[in-house]
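Presented below is the structure to which this report refers.
Residue numbers (our numbering): 300 to 790.
Here it is as structure tokens:
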């Protein structure tokens with residue numbers, strides 16, 4: 300119940316006394332909410348990356364409803380977009396070091412929206428309406444090593460909607476950067492504040508007679524049951540419908556019967572007789588549908604008949620073969636041995652490579668005619684030796700004429716060198732600056748800051764038709780970078 304004021308007949312009521320009446324009613328609501336612990340985000344205010352194109356803002360779904368720890372209602376009816384490039388005080392949230400990160404906290408809090416200006420008896424303007432409203436607050440934590448950055452502490456009169464991770468050079472906040480593990484969702488009543496009667500329980504034993512303790516005990520029991528570490532069903536307690544040659548009516552009996560029957564070596568009733576096998580086509584022998592035992596017996600009979608028959612027992616040496624090409628032997632065994640010996644030969648000119656043919660290989664300036672692998676290898680070696688001893692290849696390849704890596708501060712421009720001719724290829728790369736002033740280990744040829752590095756060449760007229768080339772570099776990034784430039788020319 301609320302504290303009350305007993306206004307009386309013909310009382311001259313002051314503004315403060317009128318306000319106090321409303322404040323006491325609100326205080327009763329606040330006390331009720333605080334006493335039963337009703338606070339948190341009820342619905343809505345679900346954070347997602349900005350749509351349709353992700354940037355450094357996030358979207359909160361609507362309608363959003365919440366109650367703070369004082370029972371004050373926080374509500375917004377339309378979707379909200381929260382800018383995370385800066386915090387609520389206007390300080391940028393960017394991370395300056397590529398090996399570090401920081402966490403941002405997005406909070407929502409109660410705020411009154413003042414409106415309806417009026418003039419009181421003292422000719423002072425007052426705002427007559429004070430409607431319930433809300434305010435979104437962005438707070439940033441300290442920058443620290445990746446994986447070690449602390450999250451923003453919770454605030455008593457605010458509700459945490461989500462945490463957001465910021466990384467160096469980040470241009471978009473994606474759903475993967477949004478963490479709702481600490482989100483202060485609505486809790487109607489804590490489980491440890493609701494009592495239960497456990498006198499008739501037989502399966503669980505709670506630490507105390509509360510809903511929370513009972514649920515913890517149930518969770519522990521089920522976790523052990525599902526993980527098969529405790530409270531497991533015994534196999535004889537699990538029903539099984541008899542099927543096939545298994546007559547048992549529980550899992551233990553069925554498994555025992557399966558193992559015994561399949562491992563049986565009893566003559567005329569082996570385990571293999573209970574395993575089916577499909578038909579196998581073949582010539583001269585084929586196997587019909589049946590059991591593994593029947594098919595094994597049949598194939599064993601055929602194999603023994605084959606091995607015992609002199610007419611059908613054969614070795615490679617007993618199989619004749621006609622001489623062909625460079626193979627003179629007359630049996631399969633001898634011909635295979637002759638082929639292996641000839642292919643391994645290193646004799647000149649009758650090496651193994653001389654026995655293997657290959658088709659013609661077109662090419663410019665050199666080509667290979669059809670012939671043996673030996674002849675083509677020798678032709679390749681001759682072409683290579685001729686080429687290596689000549690000077691016909693130097694002018695075809697790039698050579699480096701200049702390379703320099705230097706540290707440029709933010710927005711600094713620098714002339715790296717002056718060349719006596721324009722290069723054909725210019726290579727640009729950059730490194731972040733480490734805390735010790737040296738470049739970091741990773742060099743980016745094409746990275747997130749490539750667009751922040753400018754490189755240009757300026758022609759310098761020396762007169763008489765002669766020109767030099769100045770090579771310039773500019774760092775457009777907001778911090779210092781090590782920038783490497785290499786120049787190459789053909790010949």
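C-beta: ideal position from N, C-alpha, C; glycine also.
In this text the structure is predicted, and so the values were computed from the model without any measurement.
Taking Cβ to Cβ, would you say residue i is nearer than 8 angstroms to residue j?
i, j, result
"residue 356", "residue 383", "yes"
"residue 747", "residue 389", "no"
"residue 535", "residue 548", "no"
"residue 556", "residue 545", "yes"
"residue 411", "residue 431", "yes"
"residue 707", "residue 716", "no"
"residue 376", "residue 360", "no"
"residue 589", "residue 604", "no"
"residue 675", "residue 657", "yes"
"residue 530", "residue 514", "no"
"residue 470", "residue 437", "no"
"residue 749", "residue 743", "yes"
"residue 732", "residue 779", "yes"
"residue 782", "residue 705", "yes"
"residue 408", "residue 456", "yes"
"residue 386", "residue 439", "yes"
"residue 673", "residue 639", "no"
"residue 317", "residue 301", "no"
"residue 751", "residue 775", "yes"
"residue 777", "residue 709", "yes"
What's the C-alpha gap between residue i and residue j?
i, j, result
"residue 641", "residue 620", "18 angstroms"
"residue 325", "residue 503", "44 angstroms"
"residue 426", "residue 417", "6 angstroms"
"residue 473", "residue 726", "33 angstroms"
"residue 343", "residue 362", "5 angstroms"
"residue 565", "residue 591", "15 angstroms"
"residue 671", "residue 614", "33 angstroms"
"residue 627", "residue 660", "32 angstroms"
"residue 466", "residue 522", "38 angstroms"
"residue 358", "residue 699", "51 angstroms"
"residue 643", "residue 618", "24 angstroms"
"residue 435", "residue 381", "8 angstroms"
"residue 654", "residue 623", "13 angstroms"
"residue 500", "residue 350", "52 angstroms"
"residue 599", "residue 606", "10 angstroms"
"residue 291", "residue 413", "Residue 291 is absent from the model: the chain starts at 300 and stops at 790."
"residue 420", "residue 447", "60 angstroms"
"residue 760", "residue 728", "29 angstroms"
"residue 666", "residue 649", "24 angstroms"
"residue 527", "residue 567", "40 angstroms"
"residue 741", "residue 481", "35 angstroms"
Give me, in chain order, the residues of the same chain whose beta-carbon lies closer than 8 angstroms to that of residue i; leave out the 5 immediate sequence neighbours on both sides.
i, result
"residue 697", "723, 724, 787, 788, 789"
"residue 616", "630, 631, 632, 633"
"residue 443", "399, 400, 401, 449"
"residue 579", "585, 586, 594"
"residue 701", "715, 716, 718, 722, 770, 784, 785, 786"
"residue 554", "534"
Leaving aside the five residues before and after residue i along the sequence, list all residues of the same chain whose C-beta is less than 7 angstroms from its C-beta, in chain order.
i, result
"residue 483", "339, 340, 458, 459"
"residue 320", "304"
"residue 454", "406"
"residue 445", "398, 399, 400"
"residue 364", "341, 342, 343, 374"
"residue 563", "569, 570"
"residue 597", "586"
"residue 581", "none"
"residue 352", "none"
"residue 662", "none"
"residue 541", "547, 548"
Kindly examine the ligand SAM and report whether one of its heavy atoms sits closer than 7 angstroms to the Cβ of residue i.
i, result
"residue 737", "Among the components modelled here there is no ligand, and therefore nothing to report on the ligand SAM."
Please return the same chain residues whose Cβ sits closer than 6 angstroms to the Cβ of residue i, not counting the five positions on each side in sequence.
i, result
"residue 423", "none"
"residue 601", "584"
"residue 773", "712, 753"
"residue 478", "462"
Are the C-beta of residue i and some C-beta of chain B separated by less than 8 angstroms?
i, result
"residue 701", "Considering every chain present, this structure includes no chain B. It has just one protein chain."
Taking 8 angstroms as the cut-off, does the segment 748-758 touch the segment 767-778 (at least 3 CB pairs, one atom from each stretch)? yes
Would you be able to state if there are at least three C-beta pairs under 8 angstroms between the segment 366-382 and the segment 313-333? yes
In chain order, which continuous runs of the alpha helix (DSSP H) of length 4 or greater are located wholly inside the segment 348-382? none
Contiguous beta strand (DSSP E) assignments of at least 3 residues, all confined to the segment 715-745: 724-731
What are the start and end residues of each continuous beta strand (DSSP E) run of 3 or more residues lying completely inside the segment 458-482, in chain order? 458-466
Please list the segments of the alpha helix (DSSP H) lying wholly inside the segment 645-689, counting only runs of 4 or more residues, in order along the chain. 672-687
Whole alpha helix (DSSP H) elements within the segment 565-629, 4-residue minimum: 591-607
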